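In the working numbering, the protein residues as written are 66 to 276.
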């Protein structure tokens, strides 16, 4: 199929709320979102029917890196019958199963360690498995690049701010964007450097009056 709409792949489970799918259905965009454990009923439904139902399309890819080989199998299922009588009827048009198998070699012993995981996604339109694989892969690149920094370096998940927390979230985004704009590759190291010399921040493009 030719996908002419944009696919918004979200990390947040609150985006699997019905109202989000209903809003997407009335727009020109499509939604592809991971279903996690806090959507217990939906996750149980799609886990059950994907185990027995045949997928519409399958895409397999393999990547090799230093001491690491990863195989990804992406399967697209039609949930029409499985979800026909529930609250998601007509909203979720495709269920995507992503199976990852990773072999990691220990350089010291040459022994292989196996790691595997299965993730489930819901989409507001039917797509070929290859398109889904690309969208999900691109999303995780963003996840690794951006959200990991926010969660680990900025410790966003540990924040105890309860009054207007979105203001602090915007400030973190503002700070991260400035660092990225100035070519910072290691955000933790850059923050440490600035803590030793706070005046260093005024040399950044976008903050200095000379830039």
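Yeah, the Cβ is synthetic: ideal placement off N, Cα and C, and Gly gets one too.
Since the model is a prediction, treat every value here as computed from it, not as a measurement.
With respect to the 8 angstroms criterion, residue 89 and residue 189 are classified as neighbours on the basis of their beta carbons. If you look at residue 157, you'll find it isn't in any alpha helix (DSSP H); DSSP assigns it neither H nor E. In this structure, DSSP gives residue 194 a helical state, which the three-state scheme calls helix.
For residue 135, the uninterrupted beta strand (DSSP E) segment begins and ends at 133-142.
Using a 10 angstroms sphere on the CB of residue 115, the tally of other CB atoms reaches 16 or more, which defines it as buried. Residue pairing by DSSP places residue 178 opposite 169 in a beta bridge.
Here DSSP, grouped into helix, strand and coil, assigns residue 113 to helix. Residue 161 and residue 211 have their C-alpha atoms roughly 24 angstroms apart.
Residue 123 is bridged by DSSP to 140. In the DSSP assignment, residue 261 falls within the unbroken alpha helix (DSSP H) covering 252-261.
The residue among 102, 132 and 271 with its C-alpha nearest the C-alpha of residue 173 is 132.
Taking a C-beta distance under 8 angstroms as the contact criterion, residue 125 and residue 138 qualify as a contact pair. Between residue 134 and residue 168, the C-beta gap is smaller than 8 angstroms, which places the two residues in contact. Spatial neighbours of residue 198 in its own chain (CB-CB distance under 8 angstroms, excluding positions within 5 residues in sequence) are listed in chain order as 124, 126, 137, 139 and 163.
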